[in-house]
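These notes concern the structure reproduced below.
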Amino acid sequence: MSNCIFCKIINKEIPGKIIYEDDVCIAFLDLSQATYGHTLVIPKKHFENILEVDAQTLAHVMQVTQKLAKQIVEKLNAKGLNILTNTNEVAGQTVHHFHVHILPRYDEKELVI
Ligand code: 5GP
Ligand code: ZN
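Note that the sequence shown ends on residue 268 in the working numbering; no numbers are left out.
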């Protein structure tokens, strides 16, 4: 998709902080870090959302999501995670290239302001 911002990140037409890449998917830091380490995992092939992606690609994306979630918890010392995918505008989807959010969560009592 020529006008898709995530396809442009995949094709290295615009910069992205890519933390993982293989033949099927990439993962990169979300531009607006909702929590520290907020990461997006996406298939390289363009699918609009989870309803459109084929089962094999979805399985691979979710396996990579689990692997990265484990690494993020360990490296960033997160206390938990939200893993979610928004589907269509009514659910808050703003980029129409299927993506899984990994949102590390921290114990707020430990945060120093
Ligand atoms: P959605 O609301 O569609 O579930 O999530 C889209 C996400 O993509 C948002 O969290 C937004 O911050 C992120 N995003 C939008 N444009 C860019 C971009 O150009 N680069 C990166 N790294 N993230 C982006
Ligand atoms: Zn795309």
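We put the beta carbon where it would ideally sit given N, CA and C, even for glycine.
Query                                                                                                      : Result
Where L195 sits in the DSSP three-state scheme                                                             : strand
Nearest residue (CA-CA) to E203, options K222, T249 and I257                                               : T249
Heavy atom of the ligand 5GP within 7 angstroms of T220 beta-carbon                                        : no
Cβ-heavy atom distance, S157 to the ligand 5GP, below 7 angstroms                                          : no
Closest by C-alpha distance to I165, when choosing among V196, A224 and L236                               : V196
F161 beta carbon near the ligand ZN (any heavy atom closer than 7 angstroms)                               : yes
Segment contact flag, the segment 249-258 with the segment 178-196, C-beta cutoff 8 angstroms, min 3 pairs : yes
Run of the alpha helix (DSSP H) containing C162, from where it starts to where it stops                    : I160 to I165
Cβ-based neighbour list, I160, same chain, cut-off 8 angstroms, excluding 5 preceding and 5 following      : I169, V250 and H252
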